[in-house]
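Novice:
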Amino acid sequence: MLAVATTNHSGVRGTFYQPRTPEENIRVKLAEWIEDVAQCGTAMGEPIPSVAIVAQDKEETLAIANEASAMWEKRCPHWRSVMVDIPAVHIQSRTLRTRDILYYILRKLQSLEPQPQQQECQVGEEE
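In terms of our numbering, the sequence shown opens at residue 4 and continues consecutively.
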């Protein structure tokens, strides 16, 4: 699923029929997708559920991604979700590879949690 946010459209929407704004449509589609994945689950060998969010600026993209992540955590608290900043991973001159994303996730996880082996070495050095 690809979610794309565009500019706000000003103007009067019909009183009886009010079509969704692009932002509303993204929220509805994300909620439907999360519900579908939560009900079906994933079997071995099937693709990993994923969603790409593209918006006009980084802050808007992050806001939509955070909202989707919150919906995911509420609906599927036992499943983990990962947010990947593609521009931080992807060098434009080459194809984005799966291992690039996995290394990015590994670096993020390592920066969040100190490694127990490193702590043991530091304690041993202090003695």
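Backbone N, C-alpha and C fix where the C-beta goes; we use that ideal spot for every residue, glycine too.
For the stretch 93-104 and the stretch 64-83, state whether three or more C-beta atom pairs, one from each stretch, are separated by less than 8 Å.
Specialist: The stretch 93-104 is not in contact with the stretch 64-83.
Novice: Rounded to the nearest angstrom, what separates residue 79 and residue 87 at their Cα positions?
Specialist: Position 76 of the sequence shown, counted from the first residue, corresponds to residue 79. Position 84 of the sequence shown, counted from the first residue, corresponds to residue 87. Spanning the two alpha carbons is a distance of roughly 19 Å.
Novice: When the cut-off is 8 Å and only beta carbons count, does residue 35 lie next to chain B?
Specialist: Looking for chain B here will not work: only one protein chain is present.
Novice: How should residue 82 be labelled, buried or exposed, when 16 other C-beta atoms within 10 angstroms of its C-beta is the threshold for buried?
Specialist: On the sequence shown, residue 82 is found 79 positions in, with the first residue counted as 1. It counts as exposed.
Novice: In three-state DSSP terms, what is residue 82?
Specialist: To locate residue 82, count along the sequence shown from 1; it is residue 79. In the structure shown, residue 82 sits in coil (DSSP, three-state: anything other than H, G, I, E or B).
Novice: Start and end of the alpha helix (DSSP H) containing residue 106?
Specialist: Stepping through the sequence shown from its first residue, residue 106 is reached at position 103. Element bounds for residue 106: 101-115.
Novice: Quick check: the Cα distance between residue 115 and residue 108, rounded to an integer number of angstroms?
Specialist: Locating residue 115 in the sequence shown gives position 112, where the first residue counts as 1. Locating residue 108 in the sequence shown gives position 105, where the first residue counts as 1. Near 11 Å, if we compare the C-alpha coordinates of residue 108 and residue 115.
Novice: Starting from residue 89, trace the alpha helix (DSSP H) in both directions and tell me its first and last residue.
Specialist: Translated into the one-based positions of the sequence shown, residue 89 becomes position 86. Here the alpha helix (DSSP H) through residue 89 covers 89-92.
Novice: With 16 other CB atoms within 10 Å as the buried threshold, where does residue 73 fall?
Specialist: On the sequence shown, residue 73 is found 70 positions in, with the first residue counted as 1. Classification for residue 73: exposed.
Novice: Do you know offhand how far residue 71's Cα is from residue 92's?
Specialist: As a first step, residue 71 must be located in the sequence shown, where it is residue number 68. As a first step, residue 92 must be located in the sequence shown, where it is residue number 89. When rounded, the distance between both Cα atoms is 21 Å.
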